[in-house]
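Visitor: Here my numbering = 1-based position in the sequence shown + 287.
Idealized CB from N, CA, C, for every residue including glycine.
Quantities reported herein were computed from a predicted structural model and do not represent experimental measurements.
Please see the structure below; I have some questions.
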Amino acid sequence: MMNCQSFRDRLSLLCSDEPEVFRDEAFRLHLRVCPSCQASAEEYREQHRELRRFASEQELKTRPLGLWRAVEQSLRTARG
Ligand SMILES: [Zn+2]
288 MMNCQSFRDR LSLLCSDEPE VFRDEAFRLH LRVCPSCQAS AEEYREQHRE
338 LRRFASEQEL KTRPLGLWRA VEQSLRTARG
C-alpha cells in the first residue's frame, strides 16, 4: 500500500507533466482511499491548470522538457 509521502512524491510528477503517473495503479488506489491526498491532488491540479495556461501563452508547451523547468526558464528570461 502506497503511503502519503510516496503519493505526494508522485503527485509532484503531475506538475512536471508526466502522464505515467496516471497509469500507476497504486497511485490511483491511494487517491481513491485517502481524503487528505485527494485534497492535495486537487490543489496540484489547480496549480497545473494555471501553469498550462501560462505555458501555452508563452508557447512553451511544445518543449519536451518538464513544465516547471520551462516556466522557471521563462520567468528568468522575463526578469532579464
Ligand atoms: Zn494519503
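#1: Hey, out of M288, R340, F341 and T364, whose CA is closest to A313's CA?
#2: Which residues in the same chain have their Cβ closer than 7 Å to the Cβ of A328, if we skip the five residues on either side of it in sequence?
#3: Quick check: is any heavy atom of ligand 1 less than 6 Å from the C-beta of F294?
#4: Please classify C291 as buried or exposed, where buried requires at least 16 other C-beta atoms within 10 Å of its C-beta.
Guide: According to the structure data:
#1: M288
#2: L298 and L318
#3: yes
#4: exposed
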